[in-house]
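Same order as they appear, the protein sequences are chains P and Z. Residues in the first sequence are numbered from 256 upward in steps of one, following the working numbering. Residues in the second sequence are numbered from 3 upward in steps of one, following the working numbering. First comes the structure, then the notes that go with it.
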Amino acid sequence: MSARPQPPSRYGAGFWLTLVVAALVVASVLALEVPGARVRALPLELARMFARFFPPDLDYGRETVIRAVIESLQIAWVGTLIGAVLSLPLGLLGARNLFPRVGLMVKPFLVAVRAVPEILLAIYFVPAVGLGAFAGTLAIGLHSVGMLGKLTADVVESMDVGPVEAVTACGGGSTAVVRFAVLPQVLPEIVALWLFRFEINLRASAVLGVVGAGGIGGVLLNTLRYRQFDKAGSVILLTVLVVLAVDALSGRIRERLVRD
Amino acid sequence: MTAAAPPAGRPRPRQPPVSWGGRLRLSLAAVAAAALTLWSARAVGFSAHELLTNLDKIGRLLDDSFPPDWSFWPRLVAPFVETLQIAVIGTVAGSLIALPLAVLAARPVSPARPVYYAGRNLMNVLRTMPDLFWAMLFASAVGFGPFAGALALTVFTVAVVSKLLSESIEAIDLGLLEAVRASGGGWWETVRFSVLPQVLPQYVSYALYAFEINVRASTVLGLVGAGGIGMVLNTQRTTFEYSRVTLIVLVIFAIVLVIEQVSEAARRRLV
């Protein structure tokens, strides 16, 4: 006869983890010294600001916002493309199943590049090449090289090695291996990564204007600074609409790429 | 290479048929992408010329930026701690709010169709807004400071975690749902005893992932006045103290990298 199983202990790793996280949160909240009155006033204040967004100033939208949103779109597109073009060879070199020794050096480099947020890169590019969209494009491009290179290496590392062995067995060198065994396998997935990165870069380029690197971010910062909430409303409205449209389009293309 | 005759008896395999429609679509896509690129590159003022003629400016910038001003370090400790506190609050508060939202917006569990669509659309719209947009909005609603940053990261975390979690919930084993219903459980019992236990490891893993993103985001919130190290960064940037900017960026880089590696290792063990 087997005894009834004992229930698992209530004081396992999860319990202690929850306790630690809770302590961290309490300590952080206390450290930030947020006055209780401001927290209680928060819903009202948000509602008041939200109400002031309406109706959005659509004339301002037509004259200024649209152009800036399009500039963000262009920054994101060219930046993504720079990232894509440079990350493809770097990602291949970083794949440890193709290039065991070189990969050991390239991949950590890619991981490191992507740890710097775009906007910090922009802080350096703005004085280097001047205020404006070009600085933002370079920042997005450099950050994307790291991101995409690392993901490309991951994709190549998880591919089927059969075709690689087949090309090697036929006497193909590493160029032939990449051309006939690697690229045909991984390219759809990698192009899907590029498109996904474009979606992310659009959001990133939308904020670069905060440090003067072009796009819609600077417009939003200025309208809010002068508390022109109806103009800010039209910035937010148009940005959300454009991002939604790009997401939908790019998502559909990605689905088709990965399916066949 | 010479075209050798295939050995008798075993015909050479035929090439797959050429798909003209596919080729047409591919070339149209290529032309469209190229046109978009040219148009955008012109608009952003992309030029190798400008890059090369600015070399002396770039040299001067590098001179200003290196070596980093290490003596500035003592004034950075408190803002960096504040940055991490913002990230912790944003991650935990956002993950807690994301949990019910994800349950309501997951198709097999959602209590009613309208709730499902409302939740789904809310998640999609939340996801379109960049983190610094939230920071700017909250900074002008509640005033400059870390409170605005914590609120911004909370909303941003809700967007990230609820989307990922609702996708996980839609992929759970529905058998367990039926088991709870069959033994007389209502909606709440179904969620409590079959949905949540199944997605708990993913949920924790998504929260950790959000924490990684939030640490990176929290370092720049201060550029729009929402607290943390970014506030210091912004002052040094606008007064062109680039040796100090470099120190801050290096420390951000180190912190982001360490937290990312630790959190990634934890996530690998979880899932």
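We put the beta carbon where it would ideally sit given N, CA and C, even for glycine. Owing to the predicted nature of the structure, the values given are computational and were not obtained by experimental measurement.
Inter-residue spacing [alpha-carbon to alpha-carbon] between residue i and residue j
i	j	result
Met233(Z)	Gly151(Z)	11 Å
Arg239(Z)	Val361(P)	31 Å
Val253(Z)	Pro76(Z)	12 Å
Asn456(P)	Gly472(P)	13 Å
Glu603(P)	Ala459(P)	There is simply no residue 603(P) to check, as chain P begins at 256 and stops at 515 in what is shown.
Pro13(Z)	Trp449(P)	41 Å
Ser67(Z)	Glu214(Z)	27 Å
Ala256(Z)	Ile250(Z)	10 Å
Leu343(P)	Val432(P)	15 Å
Val163(Z)	Leu106(Z)	13 Å
Ser264(P)	Arg295(P)	39 Å
Thr273(P)	Met131(Z)	30 Å
Gly61(Z)	Ile378(P)	15 Å
Phe158(Z)	Ala137(Z)	10 Å
Ala141(Z)	Val226(Z)	8 Å
Ala292(P)	Val446(P)	51 Å
Ala370(P)	Thr494(P)	26 Å
Gly177(Z)	Ala108(Z)	16 Å
Beta-carbon neighbours of residue i, restricted to chain Z and to distances below 9 Å
i	result
Val441(P)	Correct list: empty, because the minimum Cβ distance to chain Z is about 17 Å.
Leu293(P)	The amino acid occupying residue 293(P) in the given sequence is Arg; Leu does not appear at that position. The contacting residues are Val144, Gly145, Phe149.
Chain-ordered chain P contacts of residue i [CB-CB under 9 Å]
i	result
Glu214(Z)	By Cβ distance, chain P contributes nothing, its closest Cβ being about 10 Å from Glu214(Z), past 9 Å.
Pro113(Z)	Ordered by position in chain P, no residue passes the 9 Å Cβ test against Pro113(Z), which lies about 25 Å from the chain.
Glu262(Z)	Val366, Ala370
Ile254(Z)	Ala370, Val371, Pro372, Leu375
Cutoff 7 Å: residue i Cβ touching any chain P Cβ
i	result
Gln238(Z)	no
Ala36(Z)	no
Met3(Z)	Only weak support is given to the placement of Met3(Z): the predicted model assigns it a pLDDT of 47, under 50, and the question is left unresolved by the model.
Val234(Z)	no
Ile257(Z)	no
Phe149(Z)	yes
Thr192(Z)	no
Thr156(Z)	no
Alpha helix (DSSP H) segment containing residue i, residue limits
i	result
Phe135(Z)	133 to 144
Tyr211(Z)	198 to 220
Phe305(P)	291 to 307
Tyr379(P)	373 to 384
Glu444(P)	438 to 462
Asn56(Z)	Neither: Asn56(Z) is in no alpha helix (DSSP H) and is coded neither H nor E.
Ala258(P)	Note, Ala258(P): premise wrong, no alpha helix (DSSP H); not H, not E.
Gly396(P)	388 to 412
Asp502(P)	484 to 514
Ile254(Z)	244 to 272
Glu420(P)	417 to 424
Arg115(Z)	115 to 130
Ala37(Z)	22 to 45
Asn477(P)	472 to 480
Ser429(P)	429 to 432
Gly349(P)	321 to 349
Short CB-CB distance (under 7 Å) between residue i and chain Z
i	result
Thr392(P)	yes
Arg458(P)	yes
Leu406(P)	no
Pro344(P)	no
Ala421(P)	no
Val495(P)	yes
Val275(P)	no
Ile378(P)	yes
Beta-carbon neighbours of residue i, restricted to chain P and to distances below 8 Å
i	result
Val20(Z)	Residues of chain P passing the Cβ test: none, with the nearest at roughly 16 Å.
Ile91(Z)	Val280, Ser283, Val284, Leu287
Phe82(Z)	In chain order: nothing, as chain P lies at least about 12 Å away.
Under 8 Å from the C-beta of residue i: neighbouring residues of chain Z
i	result
Trp332(P)	Leu38, Thr39, Ser42
Gly469(P)	Val46
Met304(P)	Leu139, Ser142, Ala143
Ala383(P)	Asn56, Lys59, Ile60, Leu63
Leu475(P)	Phe135, Met138
Ala447(P)	The premise fails here: Ala447(P) is roughly 14 Å from chain Z at the closest Cβ pair, so nothing lies under 8 Å.
Chain-ordered neighbours of residue i on chain P, where CB pairs are closer than 7 Å
i	result
Gln200(Z)	Residues of chain P passing the Cβ test: none, with the nearest at roughly 15 Å.
Gln87(Z)	Ser283, Ala286, Leu287
Arg280(Z)	In the structure as shown, chain Z starts at 3 and stops at 273, and residue 280(Z) therefore has no counterpart that could be examined.
Same chain, Cβ closer than 6 Å to residue i, five either side skipped, listed in chain order
i	result
Leu128(Z)	Ala161
Thr392(P)	Ile330, Val333, Gly334
Contacting residues, own chain, Cβ-Cβ under 7 Å from residue i (five flanking each side not counted)
i	result
Glu262(Z)	Glu214
Val501(P)	Glu454, Leu457
Leu166(Z)	Tyr208
Pro203(Z)	Leu272, Val273
Thr423(P)	Val432
Ala323(P)	Gly470, Ile471, Val474
Val357(P)	Leu348
Neighbourhood of residue i by C-beta distance below 8 Å, restricted to the same chain and skipping five residues each side
i	result
Ala367(P)	Gly401
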